[in-house]
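The next block holds one structure in the form of structure tokens; read it before the comments.
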Amino acid sequence: MKLSKKIVIVTGGSGLIGRAILKDLKSRGATPVNLDINMDDSDVQYVKCDVTDDHSISKAIQSVVDEYGVIDGLVNNAYPRTQDWGSDFESIKSESWRKNMDWQLNSCFVCCREVIQHMLKQKSGSIVNIASIYGVVGNDFSIYEGTSITPPAAYSAIKGGVINFTRYLASKFGADGIRVNCVSPGGIFDHQDKIFVDNYNKKVPMKRMGLPEDISPSVSFLLSEESGYITGHNLIVDGGWTAI
162 MKLSKKIVIV TGGSGLIGRA ILKDLKSRGA TPVNLDINMD DSDVQYVKCD
212 VTDDHSISKA IQSVVDEYGV IDGLVNNAYP RTQDWGSDFE SIKSESWRKN
262 MDWQLNSCFV CCREVIQHML KQKSGSIVNI ASIYGVVGND FSIYEGTSIT
312 PPAAYSAIKG GVINFTRYLA SKFGADGIRV NCVSPGGIFD HQDKIFVDNY
362 NKKVPMKRMG LPEDISPSVS FLLSEESGYI TGHNLIVDGG WTAI
């Protein structure tokens, strides 16, 4: 993939999928920059950033511009959430719902707005927003039976919003040389309850949960020049979950 020397910002790069994205980008010759509230031990450039704070986002992005002069790519991967994330729908407090919508969906908006201002000057750039299969299809609640896991209602609303927001940006800025796409992962293995994992594996056509390394190459592809005529697309990487 043509990513050599590309400067790519990855929000939430210290997380499970974020680390894999940083590693894959670096292996392909890009210069990834991790914007996260927590520093990771990855051997990449790190800039402290709280994506729930607009000023922190602006300051972090400007520091990348000051350091490198350009921003070739942005991956909106950060996943901030409240402590009551995953409460039963009937128990969700309005304040919690609003805060999660703000932290996740609005942080994606702010990051895109700040980065696109620089990309417009360059007349080039690629943005990848991390969405989810649950922004595309409804939840299969049967796979959670017998576990304490409750899929968050806000997650589906947020990821569905991210997908259509991506289409809006692709439509608006395509003529300016800026491409905007999504990657929607299926379930990613993270040592969840064994009952859940077994239920998931039985349903998904490829009979296993995804790994972070299954997702990262798709992100790199959409950031690269190899995908130069792709914009407004939602690339679903789910082992066939949404095919059935």
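When you line the sequence shown up against our numbering, it's residues 162 to 405, in that order. All C-beta atoms, glycine included, are put in the ideal place defined by N, C-alpha and C. On a predicted model such as this, the values are computed, not experimentally measured, just so you know.
CB residue i to CB residue j, shorter than 7 Å?
i	j	result
N199	V171	no
N362	K368	yes
S381	D185	yes
V344	I291	yes
C269	V323	yes
E275	S219	yes
I182	I232	no
M370	G348	yes
V271	T403	no
V398	N342	no
D351	L177	yes
A458	G173	There is simply no residue 458 to check, as the chain begins at 162 and stops at 405 in what is shown.
K320	S293	yes
P366	G401	yes
Roughly how many angstroms separate the alpha carbons of residue i and residue j, rounded to a whole number?
i	j	result
N395	A318	16 Å
S287	L384	5 Å
A221	I253	32 Å
I339	D354	41 Å
V358	Y295	17 Å
L281	K364	44 Å
P202	S175	Just to set this straight, residue 202 is Asp in the shown sequence, not Pro. When rounded, the distance between both Cα atoms is 8 Å.
D211	P193	18 Å
S224	R242	25 Å
S188	W246	34 Å
K284	D337	5 Å
P312	N300	8 Å
W258	E228	37 Å
I356	Y316	22 Å
Q206	P373	20 Å
G230	E256	40 Å
A314	M262	11 Å
F334	T308	44 Å
N237	V226	17 Å
P378	L235	15 Å
When DSSP builds the beta bridges, which residues end up paired with residue i?
i	result
V380	Paired residue(s): none; V380 is not in a bridge.
D197	K209
I168	T192
N395	C343
Run through the stretch 319 to 377 for me and flag every whole alpha helix (DSSP H) of 4 or more residues, listed as ranges in chain order. 355 to 364
What runs of the alpha helix (DSSP H), each 4 residues or longer, lie entirely inside the stretch 212 to 290? If we require 4 residues or more, the alpha helix (DSSP H) runs fully inside the stretch 212 to 290 come out as 215 to 229, 255 to 262, 268 to 283.
Counting Cβ pairs closer than 8 Å, one from the stretch 385 to 404 and one from the stretch 319 to 339, do we hit at least three? yes
Could you tell me whether the stretch 300 to 308 touches the stretch 249 to 268, where touching means 3 or more Cβ pairs closer than 8 Å? Too few Cβ pairs lie closer than 8 Å, so no.
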